[in-house]
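Some notes on the structure that comes next.
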Amino acid sequence: MATIDLGYRPREWQRACHINRKRFTVLALHRRAGKTELALRQLLDSALRCPLELGLFFYVAPLLKQAKAIAWARLKQITAPLVMHNLAEVNESELWVRLRANGAIIRMYGADNPEAMRGVRLDGVVLDEVADIKPETWREVLQPALADRLGWALFIGTPHGINLFSELFFKGRNLPDWHSALYTVYDTEALQAEEVERYRQAVDENTFKREMLCDFAASGDDQLMSLTDVQEASRRHLRKDEYTYASKILGVDPARFGDDRSVIFPRQGLCAMEPKVYRGIDNMALADKVAQEIERFRPDAVFIDAGNGSGVIDRLRQLHHDVIEVHFSGSPSNARYLNKRAEIWFELRDWLRAGGAIPDLVDLKQDLAAPTYRFTPADKIQLESKDDIKGRGLPSPDLGDALALTFSFPVYVDHSAQARARAMGLPVIEEANAMDYDPYRRL
């Protein structure tokens with residue numbers, strides 16, 4: 313049998329990606345690295361080796377016109393030797409290549425029309441520029457299509473803020489059957505050193521970090537908190553005497569919808585403690601959980617989102633707990649913000665930068681680094697809404713909202729709390745000294 317050379321000579325990093333890939337593989341790659349070439353070659357290799365009948369493989373770009381411009385012409389080019397030997401056929405109107413030996417098909421799609429991909433049975437899929445693809449395309453359309461025959465998925469792209477791509481990349485490091493890898497411009501050697509240096513001097517530092525160093529932590533101009541700030545806060549370890557003098561506060565964010573989380577977040581001074589997170593819990597059950605946490609933590613104030621938690625608030629008041637409702641859309645104390653939610657998130661950011669310590673939780677760090685902000689025509693600061701964040705492929709930032717709620721209003725030091733600390737043998741700083749000790753003494 314004659315051997316047909318398809319002309320693929322992978323670079324070392326490409327070879328490593330092919331070898332190390334798992335059922336679900338996430339590759340963060342710099343611009344012009346050769347990621348589309350790698351993806352098309354993987355699709356073709358899998359299609360050629362597919363032992364099942366009617367194998368089906370997709371290449372999905374954010375837009376169909378991108379799939380045509382980026383991948384279709386190249387796919388035709390690399391399969392031309394097969395077509396020449398009558399081993400494959402091309403359908404220009406439907407954007408597919410079929411292998412005659414086993415009937416496997418490789419087809420181009422755009423994520424801008426996810427309905428066109430519903431109802432199929434997939435053996436493998438490539439999602440290119442994942443940061444620009446709506447999460448429903450993966451979660452509701454493509455992922456279920458892989459279930460029948462345990463198909464694989466390859467996610468490729470360049471970091472661009474906090475979105476579906478960043479979520480999959482970081483979670484993929486800790487999930488079975490997943491593999492995440494990152495290659496910078498200095499790892500692939502795909503570009504000449506002189507061109508890399510020219511580009512570095514032509515753009516700002518954050519742009520170079522994102523585009524060429526694949527730095528997920530490089531914040532955009534409109535990002536409220538960078539992943540770098542959040543990561544540093546998760547690594548801080550405070551002594552008890554650095555926060556036990558301060559007020560104890562609970563923030564409670566009840567879930568809005570079925571996939572959202574209800575969160576109870578305790579904080580004392582610079583120390584944010586482990587939150588309680590619940591899914592699928594109703595208001596009465598959540599109120600019971602909050603009451604238990606009040607008994608355990610003995611907070612000086614409990615702030616609850618009134619928009620979704622009116623039932624929780626009413627029940628806790630029936631139980632004679634003194635809780636404070638907070639309206640995210642309500643008026644802020646500081647007129648520079650559009651509403652209360654924007655104000656408390658900025659208070660949270662300032663607290664974080666002043667030395668606040670948070671638990672080392674992936675979901676919490678993602679929540680805190682997710683929101684962007686902008687200025688309204690009236691020059692008010694407006695925070696990105698939960699729905700817009702979810703539209704970028706991220707979960708609702710429920711843990712972040714719960715922690716931000718602990719900054720809703722000033723809470724003065726409760727001297728009885730100091731007495732409790734003395735009774736427990738913990739160091740206590742009197743209020744007069746505490747006022748000089750920590751700018752967040754009243755929070």
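Mapping to this note's numbering: the sequence shown position 240 is 552, numbers consecutive. Using N, Cα and C, we set each Cβ at its ideal position, and we do this for glycine too. Note that this is a predicted model, so its numbers are computed, not measured.
- Task: Using beta-carbon positions only, say whether residue 716 and residue 656 come within less than 7 Å of one another.
- Result: yes
- On the three-state DSSP scale, how would you describe residue 330? helix
- Beta-carbon contacts of residue 702 that lie in its chain and below 6 Å, excluding the five residues immediately before and after: 708
- Message: If you reduce the DSSP assignment to three classes, tell me which class residue 649 lands in.
- Response: Residue 649: strand per DSSP, three-state reduction.
- Query: Quick one, are the C-beta atoms of residue 706 and residue 682 less than 7 Å apart?
  - Reply: yes
- Given that a residue counts as buried once 16 or more other Cβ atoms are within 10 Å of its Cβ, and exposed if not, what is residue 658? Classification of residue 658: buried, given that the 10 Å Cβ count is 16 or more.
- Please work out which residues of its chain come closer than 8 Å, Cβ to Cβ, to residue 665, disregarding the five sequence neighbours upstream and downstream, and give them in chain order. 541
- Item | Every unbroken beta strand (DSSP E) inside the stretch 598-647 [3 residues or more] | Counting only runs of 3 or more, we get 613-617, 636-638.
- Report the option in 635, 459, 714, 685 whose CA atom is closest to the CA atom of residue 700. Closest option to residue 700, Cα to Cα, is 685.
- Query: Hey, quick one: how far does the alpha helix (DSSP H) through residue 476 stretch, first residue to last?
  - Reply: 476-483
- Cα-Cα separation, residue 527 to residue 521: 5 Å
- Query: Could you give the residue range of the alpha helix (DSSP H) that holds residue 361?
  - Reply: Its alpha helix (DSSP H) spans residues 347-361.
- Query: What's the call for residue 366, buried or exposed, on a 16-neighbour Cβ count within 10 Å?
  - Reply: exposed
- Query: Does the beta-carbon of residue 326 have 16 or more other beta-carbons within 10 angstroms, so that it is buried, or is it exposed?
  - Reply: buried
- Task: Answer yes or no: do residue 529 and residue 539 have a C-beta to C-beta separation smaller than 7 Å?
- Result: yes
- State buried or exposed for residue 353, treating a residue as buried only when at least 16 other CB atoms are found within 10 Å of its CB. It is buried - the Cβ of residue 353 has at least 16 other Cβ atoms within 10 Å.
- Would you report the Cα separation of residue 511 and residue 452, rounded to the nearest angstrom? Between residue 511 and residue 452, the C-alpha separation is close to 39 Å.
- Query: Which two residues bound the contiguous beta strand (DSSP E) that contains residue 417?
  - Reply: 417-422
- Query: So residue 654 packs on residue 606, CB below 8 Å; how close in whole Å?
  - Reply: About 28 Å separates the two Cβ atoms, so there is no contact after all.
- Do residue 442 and residue 484 have their C-beta atoms closer together than 7 Å? no
- Apart from the five residues just before and just after residue 415, which ones in its own chain have a Cβ nearer than 6 Å to its Cβ? 366
- Could you pull out every residue in the same chain whose Cβ sits closer than 8 Å to the Cβ of residue 315, ignoring the five residues on either side in sequence? none
- Task: Please classify residue 645: is it buried, with 16 or more other beta-carbons within 10 angstroms of its beta-carbon, or exposed?
- Result: exposed
- Message: Once the 5 residues before and after residue 620 are set aside, which same chain residues still bring their CB inside 8 Å of it?
- Response: The residues 565, 566, 567, 568, in chain order, have a CB closer than 8 Å to that of residue 620 in the same chain once the five nearest residues on each side in sequence are set aside.
- Where residue 714 and residue 635 are concerned, what is the direct C-alpha to C-alpha distance, given to the nearest angstrom? 14 Å
- Assuming residue 359 contacts residue 373 (C-beta within less than 8 Å), just tell me the rounded distance between them. Incorrect: roughly 18 Å between the Cβ atoms, too far for contact.
- Task: Report yes or no: do three or more beta-carbon pairs, one from the stretch 484-496 and one from the stretch 453-463, lie closer than 8 Å?
- Result: no
- Message: Taking the straight line between their C-alpha atoms, what separation do you get for residue 476 and residue 689?
- Response: 30 Å
- Query: Of all the options 337, 673, 349, 336, which has the alpha carbon lying nearest to the alpha carbon of residue 323?
  - Reply: The option with the nearest alpha carbon to residue 323 is 349.
- With a cut-off of 8 Å, do at least 3 Cβ pairs link the stretch 588-596 to the stretch 570-580? yes
- Counterpart residues of residue 590 in DSSP-defined beta bridges: 574
- Task: Could you check the C-alpha separation between residue 430 and residue 697 for me, to the nearest Å?
- Result: Roughly 29 Å between the two C-alpha positions.
- Query: By DSSP, does residue 721 sit in helix, in strand, or in coil?
  - Reply: Here residue 721 sits in coil by DSSP.
- Query: Alpha carbon to alpha carbon, what distance is there between residue 561 and residue 555?
  - Reply: 12 Å
- Taking all protein chains shown into account, do 16 or more other C-beta atoms lie within 10 angstroms of the C-beta of residue 581, making it buried, or fewer, making it exposed? Residue environment analysis places residue 581 among the buried positions, since at least 16 neighbouring C-beta atoms fall within 10 angstroms of its C-beta.
- Proximity winner among 394, 375, 608, 346, relative to residue 356 (alpha-carbon distances): 394
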